[in-house]
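Trainee: Residue 67 in numbering that gives the first Met the number 0 is what sits at position 68 of the sequence shown, and the numbering runs on without skipping anything. Below: one structure in structure tokens.
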Amino acid sequence: MRINTVVFPVAGLGTRFLPATKVIPKEMLPVVDKPLIQYAVEEALAAGAKKLVFVTGRTKAAIADHFDMAYELETELEKRGKQELLELVENILPDGVECVYVRQRQALGLGHAVLCAAPVVDDDFFGIILPDDLIDHPASPALVQLAEHGARIGGSVISVREVAMEQTASYGVVEVDGFEDRSGRLQGIVEKPDPADAPSNLAVVGRYLLSQRIFELLRSTRPDHRGEIQITDAIAELLRVERVDALRFVGRHYDCGSKLGFLQATVALGRRHAEVGAAFDAWLQAETP
Ligand code: G1P
């Protein structure tokens with residue numbers, strides 16, 4: 000299954016990274032030398048996406064600028080003969096990929112953010128990537144794994160990983176009858192349950208391949224006790240009418256919405272970086288106990 004459209008909910012304020020995110024969107028913070036959002040976009044492109052839908056808010060203009068042409072910069076790099084850097088900047092987005100920006104005017108939850116994208120998503124199935132969840136993929140990007148599984152079952156797929164039971168209150172948590180070859184049909188899903196009420200320790204991380212039907216369900220999803228419309232609640236309805244599978248993806252997940260996860264991602268990706276990886280690794284080994 001090629002995923003034509005991918006939605007990136009990026010309207011969040013990023014308060015956990017203040018003061019860094021006072022003027023810079025948190026999605027523009029770099030992990031080594033690429034902004035977080037670019038990792039997400041590269042994953043979408045790997046899955047075949049041709050339409051990228053960014054659900055933004057105020058103060059997020061830098062994201063649109065990043066994926067636009069930078070005329071002055073490109074002209075200057077060309078003039079100075081900096082061919083390699085020029086290509087780096089020019090190739091952020093390949094030709095034929097369309098970016099669409101829609102605004103989420105109020106922070107009414109992830110489900111509401113996804114619903115804001117409804118007018119521009121025409122496909123039977125579409126992807127969602129939460130850029131905070133960086134998934135490092137030795138073999139194939141997480142969204143590609145979801146697309147492959149989606150093609151096999153002809154249905155929706157959400158990515159899950161095991162977390163410590165104490166962490167269930169930070170995630171959507173799924174109930175699955177059993178797993179065969181890393182996947183299982185979803186029986187239930189709840190948003191941020193207390194460990195005592197959690198149906199399992201399988202947490203949703205930010206990759207979804209969802210059927211168009213989700214929009215209709217989101218329209219009738221009531222806000223939860225925090226006043227937010229949750230995608231989790233709409234998925235709980237979707238699985239009653241269509242097949243939805245949970246897939247334990249292969250790859251390492253970093254929660255870049257937290258400082259700890261962001262640092263872990265920086266170290267892990269920094270150590271493998273083509274230019275500075277070897278030197279950074281040597282320094283880490285020599286300087287850290
Ligand atoms: C959102 C979803 C949650 C999911 C998580 C993954 O929560 O609502 O179900 O497990 O993303 O990162 P948030 O982290 O935005 O509170």
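Backbone N, C-alpha and C fix where the C-beta goes; we use that ideal spot for every residue, glycine too. Just so we're clear, the structure is a prediction, and the values are computed from it rather than from any experiment.
1) Which residues in the same chain have their Cβ closer than 7 Å to the Cβ of residue 83, if we skip the five residues on either side of it in sequence?
2) Would you say the beta carbon of residue 229 comes nearer than 7 Å to a heavy atom of ligand 1?
3) Which residue or residues does DSSP assign as beta-bridge partners of residue 254?
4) Tell me, please, whether the CB atom of residue 171 is closer than 8 Å to any CB atom in chain C?
5) Does the Cβ-Cβ distance between residue 2 and residue 39 come in under 8 Å?
6) Nearest to residue 143 by alpha carbon, out of 158, 241, 130, 171?
7) Looking only at C-alpha atoms, which of 54, 5, 64 sits nearest to residue 34?
8) Output the distance between the C-alpha atoms of residue 195 and residue 51, rounded to the nearest integer angstrom.
9) Shorter than 7 Å, the distance from the beta carbon of residue 250 to the closest heavy atom of ligand 1, or not?
10) Which value, in whole angstroms, describes the spacing of the CA atoms of residue 94 and residue 37?
11) Tell me whether residue 178 sits in a helix, a strand or coil according to DSSP, three-state version.
12) Whole-angstrom Cβ separation of residue 112 and residue 54, contact assumed at under 8 Å?
13) Give me, in chain order, the residues of the same chain whose beta-carbon lies closer than 7 Å to that of residue 62; leave out the 5 immediate sequence neighbours on both sides.
14) Regarding residue 32 and ligand 2, is the C-beta to nearest heavy atom distance less than 7 Å?
15) Between which two residues does the alpha helix (DSSP H) containing residue 145 stretch?
16) Given 7 Å as the limit, tell me if residue 171 has its C-beta closer than that to any heavy atom belonging to ligand 1.
17) Whole angstroms is fine: what's the gap from residue 166's alpha carbon to residue 192's?
18) Under three-state DSSP, which class holds residue 271?
19) I need the DSSP call for residue 201, collapsed to helix, strand or coil.
20) For residue 160 and residue 172, I'd like the C-alpha separation in whole angstroms.
21) Using a Cβ-Cβ cutoff of less than 8 Å, which residues in the same chain neighbour residue 270 once the five nearest sequence positions on both sides are dropped?
22) Determine contact between the region 117-126 and the region 241-254, defined as no fewer than three beta-carbon pairs at a distance below 8 Å.
23) For ligand 1, any of its heavy atoms closer than 7 Å to the Cβ of residue 131?
24) Measure the beta-carbon distance from residue 6 to residue 125 and round it to whole angstroms, keeping in mind my assumption that it falls under 8 Å.
Mentor: By the coordinates alone:
1) none
2) yes
3) 132
4) No chain C is part of this structure, which consists of one protein chain only.
5) no
6) 158
7) 64
8) 39 Å
9) no
10) 16 Å
11) coil
12) 5 Å
13) 9, 24, 26, 27, 36, 53, 55
14) Ligand 2 is not among the ligands present in this structure, which contains only ligand 1.
15) 141-152
16) yes
17) 9 Å
18) coil
19) strand
20) 10 Å
21) 276, 279, 280, 283
22) no
23) yes
24) 6 Å
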